[in-house]
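Counting with my numbering, you get residues 257 to 558 for the letters of the sequence shown. Just so you know, even glycine gets a beta-carbon here, dropped at the ideal spot from N, CA and C. Just so you know, these numbers come straight off a predicted model, no measurement behind them.
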Amino acid sequence: MGKLIDVIETYEDLLKRPNFHASLSFHPRGDRRFGTVVAPYRFLDKIPCGIEACHTPHLSGYLITTGDDLETAIGGHCGKKYFGVSFTRERKRIDDAVARQRRIATVTAMLDNMAVYLKAVESLERDYKELREKKERLMGAIGPSLFLELKNRADRGQTDITEEVPMTQVEATSYFATSNRKANDGKGWPTKSLLLARLEGMDFIRSRFKDMLVVNLITPMRDLSKLTVLDIDNMKPRALASTAKWVGEVPVGLQKAQGVVEAGHRFFQSENIAKLVHLGASQSALAAMIGDLRAEESQSIR
Ligand SMILES: [Zn+2]
């Protein structure tokens with residue numbers, strides 16, 4: 257990897273540097289030319305631009321060297337204005353290096369904590385296998401068309417299973433009084449929805465849980481765990497950028513994955529699966545699975 261970029265956090269960091277000058281004159285006011293960009297700076301208070309002809313206060317900019325090996329701090333726009341493309345090219349080189357350094361630090365930090373992450377991944381993997389088996393078993397028990405209906409309900413956020421039943425005389429009387437329906441309007445006796453059951457854990461049925469667990473977390477985490485710090489240092493810019501982006505998304509991804517796993521455990525409760533008869537699943541087809549879930553529940557310490 258390239259040389260590390262100096263970290264400049266305070267104005268004192270600049271003043272400590274032996275060749276640093278708060279202000280320098282540059283061509284055409286003298287012979288001095290721009291040298292290289294050393295590092296970016298960003299302070300809480302503005303400092304005057306080091307180009308003598310400018311001296312505009314800047315919050316952020318770059319520490320640069322000069323042709324005669326001195327240093328000063330200038331604003332980014334001033335660099336472009338006074339030194340042109342030789343500055344902007346240098347600035348890009350340093351900005352890229354700083355971004356790369358930050359990405360390497362991000363990815364390396366995850367590698368340092370890999371034992372913790374792998375433990376989380378192993379637990380997700382167990383949950384994934386268990387929930388996938390249960391899902392396949394359920395699909396076998398209720399058949400693809402009923403499973404599709406379940407999926408459609410989950411997509412619509414419809415967790416209640418209801419049935420339309422005729423209103424009682426009293427209900428119908430008040431209904432006719434408060435709507436534009438009439439008892440003898442020929443549209444039939446009014447009905448109401450009766451709640452038969454409320455399904456739990458439908459977020460699991462709705463989710464793309466293989467993507468959430470395997471594609472987004474388990475596989476890339478295992479891939480990363482096989483790399484060394486040197487491998488990360490040598491990563492191509494594009495791969496490093498996408499890995500660092502993924503690392504940044506891992507905390508939220510883990511949280512979402514754990515949420516969907518919990519939903520899956522709630523869905524596959526014996527009591528919840530038994531509710532599927534209200535959707536038309538046959539009691540006898542579900543019996544074996546419900547029995548096994550019940551046995552599992554009585555074994556668990558919860
Ligand atoms: Zn300036």
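A straight line joining the alpha-carbon of arginine 345 with that of lysine 501 spans about 26 Å.
Between the segment 464-478 and the segment 436-455 there are fewer than three C-beta pairs closer than 8 Å, too few to call the two in contact. In this structure, the CA atom of glutamate 518 is about 14 Å from the CA atom of glycine 509. Nearest to isoleucine 330 by alpha-carbon distance, out of Asp301, Ser316 and Pro284, is Ser316.
The segment 369-380 makes no contact with the segment 312-327; the number of CB pairs closer than 8 Å stays below 3. DSSP links tyrosine 297 through a beta bridge to Gly317. Across the set Pro304, Asn436, Leu404 and Ile474, the C-alpha of Ile474 shows the shortest separation from the C-alpha of lysine 385. DSSP, reduced to helix, strand and coil, places glutamate 419 within a strand of the structure shown. The residues Val293, Tyr318, Gly332 and Gly335, in chain order, have a CB closer than 7 Å to that of arginine 347 in the same chain once the five nearest residues on each side in sequence are set aside. Using a Cβ distance threshold of 8 Å, leucine 270 and leucine 367 do not count as a contacting pair. Those residues whose C-beta sits under 6 Å from the nearest heavy atom of ligand 1 are, from N- to C-terminal order along the chain, Cys305, Ile307, Cys310, Thr312, Ile330, Gly331 and Cys334. Per DSSP, reduced to three states, the secondary structure at arginine 388 is helical. Cα atoms of phenylalanine 276 and arginine 382: separation of roughly 59 Å, rounded to the nearest angstrom. With contacts defined as CB atoms closer than 8 Å, methionine 545 and alanine 433 fail to qualify as a contacting pair. Taking a C-beta distance under 8 Å as the contact criterion, leucine 387 and glycine 515 do not qualify as a contact pair. Only residues of its own chain outside the window of five on either side were considered, and among them Trp445 and Thr447 have a CB closer than 6 Å to the CB of proline 422, listed in chain order. Pairing serine 554 with lysine 390, the inter-Cα distance amounts to about 17 Å.
One thing to note: glutamate 405 has its Cβ no nearer than 8 Å to the Cβ of serine 449. CA-CA distance, proline 476 to isoleucine 350, rounds to 30 Å. Between threonine 364 and arginine 494, the alpha-carbon positions lie close to 16 Å from each other.
Non-local beta-carbon contacts of aspartate 411 in its own chain, meaning distances under 8 Å to residues more than five positions away in sequence, involve Arg462 in chain order. Between proline 296 and valine 341, the C-beta gap is not smaller than 8 Å, which leaves the two residues out of contact.
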